[in-house]
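Numbering (our numbering), first residue to last: 1 to 336. Below: one structure, written as structure tokens.
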Amino acid sequence: MIPDITPVNQVDWDRAGGRWYHLPFTYDHTWGRVRVPLYVACAAQPGATIVAIGGTHGDEYEGPVGLKNLIRELDPARLVAGRLIVIPVLNVPAFRAARRGSPLDGENMNRVFPGDASGTITQRIARFVTDEVLARADVVIDLHAGGAGFEIIRCMSFHQVDDPARYAEFRETSLLFGTPFVLIYTGGMGTGLLTGEAETMGKITIGSELGFGASTDRDGVRWAQGGVLNVMRRFGLLAEPFVDLVPEGLDRQRIVSATDIDRYVTASVSGISEPLVPLGAFVRSGQPVARIHDFERIDEPPVEILADGDGYVMCRKFRAATEQGEVVMVIAEEVD
Ligand SMILES: [Zn+2]
1 MIPDITPVNQ VDWDRAGGRW YHLPFTYDHT WGRVRVPLYV ACAAQPGATI
51 VAIGGTHGDE YEGPVGLKNL IRELDPARLV AGRLIVIPVL NVPAFRAARR
101 GSPLDGENMN RVFPGDASGT ITQRIARFVT DEVLARADVV IDLHAGGAGF
151 EIIRCMSFHQ VDDPARYAEF RETSLLFGTP FVLIYTGGMG TGLLTGEAET
201 MGKITIGSEL GFGASTDRDG VRWAQGGVLN VMRRFGLLAE PFVDLVPEGL
251 DRQRIVSATD IDRYVTASVS GISEPLVPLG AFVRSGQPVA RIHDFERIDE
301 PPVEILADGD GYVMCRKFRA ATEQGEVVMV IAEEVD
């Protein structure tokens, strides 16, 4: 049974064994408290600290479900060294509302890092994560999905980094999840990302897209749970062999890169989008990949959208209604 609430300064980060907490964050306009769930498990021996977080966005479910399964099924006595910290649902108000951002302050948790201790509720939760959780971490895993907006290839992901040793560490850690793709993306997508903050703090930092459509993908859940366990094996928390999570029949895991945000394919006009290629397809530069229909001009042909390079279709707009400038597709080229 989880204690009702535990003040954030009373979390025991170090004692051997596993424990659950509900951390209270005061609402901005009432005396009530949002309760953020936290799990901490420590081995008797010191070692690496692995942090796994789900529900940074409230309409993404593979991370929360996989991490909840993980901490319920993990016997802390299995840990031979180090520490595991899990927050299955970070943005609790957004999760409750099944929305990407918080209905309480309108904030997107993944744009407010490092957070602000005297800011709105989302900013205060982020500040706690930065100071108390990320600061303790060696490895940070932030589990996302496409949410309601994008149909996306299930992948682990990390930011492009220049240091070859860091790149190799990010790459190897990502591959342990067994996803068909590992996506290298740009840090220039936005400011205030949880992963951006963790990376700046020098942590091995991995993201993911494990499903889409505000649904719960079965493989995505398996990769979330099994992947974190594999990372625990890699960093010495568990003295066990890796479990191969790569889907049966897959020829190889592909490492692809989409680091130039100017090359994300956007809609030239507003209308109803029609994809012409399936997710995961390999496309050639200049090939029509989607078109936009104007239903006020049914006599007019749709506007074709062309691939701007060779690569795999990583992501497409899921909702048909499309406004000019929205990303309709992301094409990533295989590297490495
Ligand atoms: Zn997300």
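Beta carbons: idealized from backbone N, C-alpha and C, even for Gly.
Decide if residue i is buried, meaning its Cβ has at least 16 other Cβ atoms within 10 Å, or exposed.
i: Gln225; result: buried
i: Met232; result: buried
i: Gly101; result: buried
i: Arg15; result: exposed
i: Ser174; result: buried
i: Gly178; result: buried
i: Glu197; result: buried
For a test of your reading of the model: does the CB of residue i fall under 8 angstroms from any non-hydrogen atom of ligand 1? Yes or no.
i: His57; result: yes
i: Ala126; result: no
i: Gly192; result: no
i: His144; result: yes
i: Glu62; result: no
i: Ile100; result: A quick correction: the sequence has Arg, not Ile, at residue 100. Indeed, a heavy atom of ligand 1 lies less than 8 angstroms from the Cβ.
i: Leu147; result: In the sequence as displayed, the identity of residue 147 is Gly instead of Leu. Answer for Gly147: yes, Cβ within range of ligand 1.
i: Asn230; result: no
i: Asn110; result: yes
Give me, in chain order, the residues of the same chain whose beta-carbon lies closer than 6 angstroms to that of residue i; leave out the 5 immediate sequence neighbours on both sides.
i: Val339; result: Since the displayed the chain opens at 1 and closes at 336, residue 339 lies outside it and no answer follows.
i: Asn69; result: Gln225
i: Gln287; result: Ala307
i: Val327; result: Tyr264, Thr266
i: Arg111; result: Gly190, Gly192
i: Val92; result: Val34, Val36
i: Pro64; result: Gly54, Gly55, Pro88, Val89
i: Thr6; result: Tyr21
Excluding the 5 residues preceding and the 5 following residue i in the sequence, name in chain order all residues of the same chain whose CB lies nearer than 7 angstroms to its CB.
i: Ile152; result: Gly146, Glu209, Phe212, Met314, Cys315
List the endpoints of the continuous alpha helix (DSSP H) containing residue i.
i: Val92; result: 92-96
i: Thr122; result: 121-128
i: Lys317; result: Here Lys317 belongs to no alpha helix (DSSP H); instead the beta strand (DSSP E) covers 311-317.
i: Ala198; result: 194-200
Span of the beta strand (DSSP E) holding residue i?
i: Thr49; result: 49-54
i: Gly18; result: 17-26
i: Arg66; result: The amino acid occupying residue 66 in the given sequence is Gly; Arg does not appear at that position. That residue, Gly66, is in no beta strand (DSSP E); its alpha helix (DSSP H) goes 62-73.
Please list, in chain order, all residues of the same chain as residue i whose beta carbon is under 8 angstroms from its beta carbon, the five residues on each side excluded.
i: Gly318; result: Reading off the sequence, residue 318 comes out as Phe, not Gly. Closer than 8 angstroms at Cβ, skipping near neighbours: Gly146, Ala148, Gly149, Phe150, Glu151, Phe212, Gly213.
i: Arg222; result: Gly66, Leu245
i: Phe235; result: Gly47, Ala48, Ile50, Gly82, Asp138, Val139
Next item on the list: Please confirm if the segment 276-288 is in contact with the segment 297-312, defined as three or more CB-CB distances below 8 angstroms between the two stretches.
Entry: Three or more Cβ pairs closer than 8 angstroms define a contact, and the segment 276-288 meets that threshold against the segment 297-312.
Next item on the list: Could you tell me whether the segment 70-82 touches the segment 27-42, using the rule of 3 or more Cβ pairs below 8 angstroms?
Entry: Using a Cβ-Cβ distance cut-off of 8 angstroms, the segment 70-82 and the segment 27-42 are in contact, since at least three pairs of beta carbons, one from each stretch, lie closer than that value.
Next item on the list: Tell me, please, whether the segment 24-31 touches the segment 112-127 by the rule of three or more beta-carbon pairs shorter than 8 angstroms.
Entry: Touching, per the Cβ criterion.
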